[in-house]
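Student: For the sequence shown, our numbering begins at 4 and goes up steadily by one. The structure is given below, and queries will be raised subsequently.
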Amino acid sequence: TGRLVIRPSGTEPLIRVMAEGDDPQLVESVVNGIVDIISETRSAA
Numbered sequence: 004t005g006r007l008v009i010r011p012s013g014t015e016p017l018i019r020v021m022a023e024g025d026d027p028q029l030v031e032s033v034v035n036g037i038v039d040i041i042s043e044t045r046s047a048a
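In structure tokens:
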């Protein structure tokens, strides 16, 4: 079990990705995947 929050910053031009969970390796893997997708999407824009 865990929690994932993805939201735009209210004060900076960035997207915040916050996660927590029981398995630190899984949390890191999921966050890295999301960051990659966001980076690819922003690069294509």
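Just so you know, even glycine gets a beta-carbon here, dropped at the ideal spot from N, CA and C.
(1) Note down the Cα distance separating Leu29 from Gly5, rounded to an integer number of angstroms.
(2) Within the same chain, show all residues whose beta-carbon is closer than 7 Å to that of Met21, passing over the 5 residues directly before and after it, in chain order.
(3) Where does Gly13 sit, in a helix, a strand or coil, going by DSSP?
Tutor: Checking against the coordinates, here is how it stands:
(1) Numbered from 1 along the sequence shown, position 26 holds the residue referred to as residue 29. Numbered from 1 along the sequence shown, position 2 holds the residue referred to as residue 5. Looking at the two C-alpha atoms, the distance is approximately 10 Å.
(2) Residue numbering aside, residue 21 sits at position 18 when the sequence shown is read from its first letter. Val8.
(3) To locate residue 13, count along the sequence shown from 1; it is residue 10. Here Gly13 sits in coil by DSSP.
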